Every structure is written in structure tokens, then in C-alpha cells.
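Numbering (the working numbering), first residue to last: 1 to 84.
Below, the structure is given as C-alpha cells:
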């Protein structure tokens, strides 16, 4: 068997499947861990040597449903919403 084109035809079994937390195809089926986010570990997987990877999933890359209003509320003294 040669190491070129014929060998690539044998690569037809998946070692990774979709991750429940990050949605990427990085969940290792036998190890039961995600190589991207580290699921099922409680803390998200991130390393200082992967600065760009951190940037992709940090605060501000999503909708920020709660946090986007906090700067305005902080400037107004964090009054409760029910006050008249």
C-alpha cells in the first residue's frame, strides 16, 4: 500500500461528532471530550497561546442580551426598573 492517494480512500470513520455546548464537530466520541471547548468540563477550554481563538468566543461576540444595557444603567446609577 502506498502512502498517497489510495490511502485517503480508507479514511471513512469519524472520530469527532457535534458538541452540545459549542456546536462544532470537535466532540471526540471515544474520549467523550470536546477538543474545542472542553465539554463536559465546567470551564471553557482556552489558552493564552491561542489569542485569536479567545477573541472568537469572548464577551461581545454574541447578542449580549443582558450586558449590552449595563453601561447605560450604570451611568444612571443602577436604579431598579420598577421605580416610578
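Even for Gly, the Cβ is constructed at its ideal location relative to N, Cα and C. Every value quoted in this text rests on a predicted model; they were computed, and no experiment measured them.
- Look at residue 17 here: in three-state DSSP terms it is strand.
- The beta carbon of residue 29 lies closer than 6 Å to those of 17 in the same chain, with the five residues before and after it left out.
- Note on residue 26: 16 or more other CB atoms within 10 angstroms of its CB, so buried under the neighbour-count rule.
- Exclusion of the five residues before and after residue 37 leaves 19, 21, 22, 44, 45 as the residues of its chain whose Cβ lies within less than 7 Å of its Cβ.
- At least 8 Å separates the beta-carbon of residue 79 from that of residue 67.
- In the three-state reduction of the DSSP assignment, residue 33 falls in the strand class, which pools E and B.
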